[in-house]
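See below for the structure under consideration.
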Amino acid sequence: MDDFQQQYIVIELGKERYALAVSEIYEIIKMQRTTEVPNSISFMEGVTNLRGKIVPIISLRKRFDMEEKVNDRSTRIVVVNSREEIIGMIVDRVHQVIRFEEIEDSVDSVSGADSRYFSGMGHSGSDFITILDIENILH
Amino acid sequence: MNRNDLMKFFLEEAEEQLQTLEQEILQMEQHGESDEVIQRIFRAAHTLKGSSAAMGFEPMKTLTHQMENVLDHIRSGQMQVTNPIINILFVCLDRLIQFKAQIELEGTCSGDISDIVHKLQQLIEAEMSAQQTPAEPANLAFLPEEHAALEEAKSNGYKGFILELCFSSTCEMKAARSLIIRSRLEGCTHVIGMKPAFHEIEDEYEGPVIIQYLIACQKPIKEIEATWREITQGESIDTINVLDEFGAPAVPPAISPAESADTFIEPPLSASPDPTSPKAVPVKPEKEDHRRAASSQSVRVDVERLENLMNLVGELVIDQTRIVQVGTVIRDLINADDTMDEFDSITNHISRVVSELQESVMKTRMLPIEQLFNRFPRMVRDLSQSIGKQIHLVIEGKETELDRTVIEEIGDPLIHLIRNSVDHGIEDVEIRKANGKPEAGTIRINAVHQENQVILTIEDDGAGINPQRIKQSAIAKQLITESQAEQMSEQEIIHLIFAPGFSTAKQISDISGRGVGMDIVRSHIEKLNGIIDVDTRLNEGTTFTIKLPLTLAILRGLLIKIHQSIYALPISSVSEIIRLPRQDIHSIKGQMAVKIREQVLPLVWIHDYFHVPRPAARHDDNVFVVIVGVAEKRLALVVDELVGNQEIVVKSMGSYVGKVDGISGATILGDGGVALILDVTGIFNLVGKERSAHTEEMIV
């Protein structure tokens with residue numbers, strides 16, 4: 001029943017909305033200048049300077065094999081904490097915080113992206129949103 | 001303090017004492033026994049006994065207690081230091097080191113020590129039974145008539161004291177000075193005797209000399225001490241002491257003022273007055289260093305705190321470059337005025353303070369390489385004994401300071417090189433004799449500062465490296481083909497010892513030749529941004545030279561632009577920057593090359609490896625080329641633009657980004673952006689891989 005209490009943040013990527021557990025998020029920042037890292041993993045956008053720390057930034061669009069989009073005023077970096085490292089993920093937009101009434105474990109992939117990236121489906125009223133599996137997305 | 005803190009403290013102290021034990025036992029083996037050395041060994045064992053007893057480490061306590069017993073017999077002159085004793089002391093030391101390791105791992109120590117304890121007891125028993133007669137009455141320090149005079153004075157209400165001083169080795173006219181001091185003493189007290197006598201002191205003697213004056217006095221001890229201090233003021237006197245008439249310290253250390261911390265060198269630990277007073281012993285100069293070291297003031301600081309401090313300074317360095325950069329922008333925006341000038345002078349000042357701070361913090365991270373070097377004498381001793389070679393180890397530049405992380409990382413490669421010298425470098429005694437060399441081989445290890453680098457050399461007077469054997473071995477191992485070998489210079493062939501999978505040892509001995517060899521040594525050193533080189537002469541010996549940066553955290557970088565990104569190149573690996581016309585780039589056998597002062601260097605467009613477009617032709621059709629090098633290898637790197645050079649703070653990119661070929665880390669620039677740091681060794685590897693892939697294709 002704990003899941004009911006858990007809060008999620010809704011992000012937008014293209015036409016899709018996804019949810020991320022608040023507990024997994026370190027902070028949300030505006031788009032930063034990044035420095036490309038040659039010969040790194042395919043969805044790596046680059047590295048940036050976050051208050052003196054070098055933080056890798058990945059592109060969620062690239063990870064989901066979506067076409068790239070020019071960054072605009074609503075582009076955000078969701079910084080998460082994974083395996084004791086801080087990593088940023090570029091998303092198109094960050095929406096409100098949401099509480100799910102019910103969470104389904106299994107997910108039928110709707111967007112065509114690999115279902116490995118999703119950990120479940122959250123219901124809130126008539127709304128349902130795919131919950132992201134950060135661990136599998138990053139690694 | 002909880003148990004954890006106590007444990008930490010115990011382990012730190014144990015480490016220190018074990019190191020002291022090792023050094024001093026070695027010293028005793030090499031230079032024979034002396035009161036000071038035995039005293040120091042005794043004290044280390046004593047300290048260990050106390051702290052292990054406090055922590056409840058029973059076997060450790062028992063063992064140190066038994067060592068103490070034996071040492072006490074040596075100290076009191078009842079036993080002579082012999083080889084078996086030294087060997088047993090080493091056995092004890094090894095066991096103690098094992099205990100310490102066990103404590104570190106398991107929090108406790110256990111194990112049977114009865115064998116060693118038995119041996120230690122046997123030593124004492126053997127000695128005692130040999131001396132049927134009780135030990136000779138202690139050698140009376142002063143002449144009998146002097147003692148008689150003292151007794152007489154005592155009956156008149158005087159007290160006897162011995163005032164001791166040690167003339168430093170640099171002191172001139174020691175005999176004369178001893179007399180002057182005596183006459184000054186006469187002025188304020190009654191001097192009964194002096195030891196050694198005036199005629200026994202040699203003015204020209206070059207070592208330190210200890211002189212004692214026997215006085216009879218009615219004044220309180222504090223006053224005597226003050227007077228003695230006043231009389232002996234001067235540069236040529238190392239230490240002074242006030243002892244009671246039996247030669248034991250007369251002033252409890254607690255009363256003595258702070259500056260007398262080095263006055264009471266090695267107060268005897270046993271409470272019993274020991275009438276044996278020292279003869280005018282020539283003290284070896286190196287022992288003086290110990291005294292100095294013991295009295296230097298220091299504070300223990302947790303390494304983590306230092307790391308943290310260094311990180312903060314790193315932030316400051318970055319912010320300071322940013323302030324300067326923002327300042328120039330503001331200056332362009334507003335008209336010159338006083339406030340702006342003031343701002344400039346503030347930024348200048350901050351820059352100065354920050355760079356001084358940086359240097360000071362870096363210094364706190366520096367340790368003398370002694371820590372590492374001190375491990376070698378024992379290692380070489382054990383190795384040479386096990387393979388029956390005689391080796392004379394010379395260590396120089398112990399005091400040279402290096403960043404602690406560099407010291408940690410360089411340990412293994414150095415050990416490997418020394419093992420190699422012992423095993424392969426120095427020949428067997430018969431061969432040395434046949435070649436007219438001294439029977440004992442010499443290995444010389446040296447550390448010295450040179451600008452912003454430390455140069456370490458490991459030199460032996462052994463057989464040298466035979467290029468013919470290297471060549472054959474490399475061909476046999478298919479590292480090179482015979483035709484390749486034909487074209488290689490002797491120097492290039494010798495450098496093959498650094499190639500992966502190369503080892504010339506015919507037999508795999510216990511010492512080296514495990515196949516990991518020199519390539520690991522080289523890669524370790526390159527990881528530290530260092531360079532290793534070898535110079536060898538057949539039958540004369542081999543010298544390995546290692547150049548290392550003083551610190552890894554902050555380095556000077558050349559900023560360059562490739563495509564749209566700025567990269568930093570460690571200045572230490574840049575040998576030259578040139579601009580040359582595009583038509584000077586030649587293609588030799590399908591590979592780009594440039595000729596610079598008659599030397600043909602491979603030319604590399606790093607753009608291709610990083611998958612970015614090469615720069616468009618400039619209007620003057622020139623290209624910027626940076627010549628970079630590792631060891632003796634050089635290559636020309638084409639860059640789009642030169643941006644400048646500055647101090648860069650090396651930051652890791654973390655394990656998520658992982659290892660990227662050609663990149664060693666990242667740094668933050670003045671504008672807040674991130675620049676990647678190019679790893680020259682990595683670039684050589686990248687290019688090497690590509691080239692060999694290329695040639696294979698051609699063969700197919």
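Protein chains in written order, with our numbering: chain A, 1 to 139; chain B, 1 to 700.
The beta carbon of each residue, even a glycine, is placed where N, CA and C say it ideally should be.
Ordered along the chain, which non-local residues of its own chain (more than five positions away) have a Cβ less than 7 Å from that of residue i?
i: D428(B); result: K389
i: E45(A); result: T34, I57, I58, S59, I90
i: H731(B); result: For chain B, the structure presents residues 1 to 700; residue 731(B) sits outside this window and is missing.
i: D302(B); result: none
i: A53(B); result: K61
i: F128(A); result: M121, G122
i: F142(B); result: G193, K195, L214
i: L417(B); result: I458, V521, F544
Taking only three categories from DSSP, how would you classify residue i?
i: H449(B); result: strand
i: M121(A); result: strand
i: I525(B); result: helix
i: A197(B); result: coil
i: F167(B); result: strand
i: H619(B); result: coil
i: L669(B); result: coil
i: A568(B); result: strand
i: A505(B); result: Low confidence applies here, because A505(B) scores a pLDDT of 48, under 50, leaving its location unreliable; read the following figure in that light. Residue state, collapsed to three classes: coil.
i: T347(B); result: helix
i: C217(B); result: strand
i: S115(A); result: helix
i: A354(B); result: According to the sequence as given, residue 354(B) is Val; it is not Ala. Three-state DSSP puts V354(B) in a helix.
i: V191(B); result: strand
i: I210(B); result: strand
i: P602(B); result: strand
Might you give, ordered along the chain, the residues of its own chain that have their beta carbon closer than 8 Å to the beta carbon of residue i, omitting 5 neighbours on each side?
i: E230(B); result: none
i: Q218(B); result: G157, Y158, K159
i: E12(B); result: R300
Using the Cα positions of residue i and residue j, report the straight-line distance between them to the nearest angstrom.
i: R522(B); j: I97(B); result: 30 Å
i: I703(B); j: D238(B); result: A question about residue 703(B) goes unanswered here, because the residues of chain B that appear run from 1 up to 700.
i: P249(B); j: L312(B); result: 48 Å
i: S355(B); j: V649(B); result: 12 Å
i: M362(B); j: E304(B); result: 14 Å
i: D92(A); j: Y18(A); result: 11 Å
i: I181(B); j: Q27(B); result: 34 Å
i: I210(B); j: F167(B); result: 6 Å
i: E202(B); j: R177(B); result: 11 Å
i: E84(A); j: F118(A); result: 21 Å
i: D65(A); j: F376(B); result: 58 Å
i: P38(A); j: N81(A); result: 24 Å
i: L63(B); j: A434(B); result: 46 Å
i: S345(B); j: I103(B); result: 56 Å
i: D274(B); j: S76(B); result: Here D274(B) scores only 42 on pLDDT, less than 50, and its place in the model should not be relied on; the value that follows carries that caveat. So the alpha carbons of these two residues sit roughly 9 Å apart.
i: T228(B); j: Q39(B); result: As written in the sequence, residue 228(B) is Trp, which differs from the Thr given in the question. About 25 Å.
i: T82(B); j: D112(B); result: 25 Å
So, for residue i: in the same chain, excluding its five sequence neighbours on each side, which residues have a beta-carbon less than 6 Å away from its beta-carbon?
i: K62(A); result: F43
i: I571(B); result: R556, L558
i: Q32(A); result: T48
i: T442(B); result: H392, D461
i: H586(B); result: A593
i: L372(B); result: I407, G411
message: Quick check: the stretch 584 to 597 of chain B against the stretch 528 to 548 of chain B, are at least 3 beta-carbon pairs closer than 8 Å?
response: Counting Cβ pairs under 8 Å, fewer than three are found: no touch.
query: Looking at chain B, which residues of the stretch 72 to 89 of chain A have a Cβ within less than 7 Å of any of its Cβ atoms?
result: Flagged, chain order: E85, I87.
query: Does the stretch 562 to 575 of chain B come within contact of the stretch 603 to 620 of chain B, defined as at least 3 CB pairs closer than 8 Å?
result: Yes, they touch.
- request: Give a yes or no on contact between the stretch 434 to 448 of chain B and the stretch 392 to 407 of chain B, applying the rule of three or more CB pairs nearer than 8 Å.
  value: At 8 Å Cβ cutoff, the stretches touch.
Under 8 Å (Cβ pairs) to chain A, residues found in the stretch 630 to 653 of chain B: Closer than 8 Å at the C-beta level to chain A, one finds these residues of the stretch 630 to 653 of chain B: K651, S652, M653.
message: So if I threshold CB-CB distances at 7 Å, which residues from the stretch 4 to 33 of chain A count as touching chain B?
response: Taking 7 Å as the Cβ-Cβ cut-off against chain B, the residues of the stretch 4 to 33 of chain A that qualify are R33.
- request: Determine, using beta-carbon pairs with one atom in the stretch 464 to 481 of chain B and one in the stretch 577 to 585 of chain B, whether at least three such pairs fall under 8 Å.
  value: Cβ pair count under 8 Å is below three, so no.
- prompt: If you measure beta-carbon to beta-carbon, which residues of the stretch 337 to 360 of chain B are closer than 7 Å to chain A?
  reply: For the stretch 337 to 360 of chain B, which is checked against every Cβ of chain A, not one residue is closer than 7 Å.
task: With 8 Å as the C-beta to C-beta threshold (strictly closer), list the residues of the stretch 589 to 616 of chain B near chain A in chain order.
output: If the cut-off is 8 Å between Cβ atoms, the stretch 589 to 616 of chain B has Y609, F610, H611, V612 near chain A.
field: Cβ contact check for the stretch 617 to 637 of chain B and the stretch 649 to 661 of chain B: 3 or more pairs under 8 Å
entry: No: the two stretches stay apart, fewer than three of their Cβ pairs being nearer than 8 Å.
- request: Compile a chain-ordered list of the residues in the stretch 656 to 668 of chain B whose CB is closer than 9 Å to at least one CB of chain A.
  value: Residues of the stretch 656 to 668 of chain B whose Cβ lies closer than 9 Å to any Cβ of chain A, in chain order: Y656, V657, G658, V660, D661, G662, I663, G665, A666, T667, I668.
query: Can you find at least 3 beta carbon pairs, one from the stretch 333 to 347 of chain B and one from the stretch 526 to 533 of chain B, that sit closer than 8 Å?
result: Contact between the stretch 333 to 347 of chain B and the stretch 526 to 533 of chain B is absent, because fewer than three Cβ pairs lie under 8 Å.
Chain A contacts from the stretch 307 to 338 of chain B (Cβ-Cβ distance under 9 Å): Those residues of the stretch 307 to 338 of chain B that come within reach of chain A (Cβ to Cβ, closer than 9 Å) are N311, G314, E315, I318, D319.
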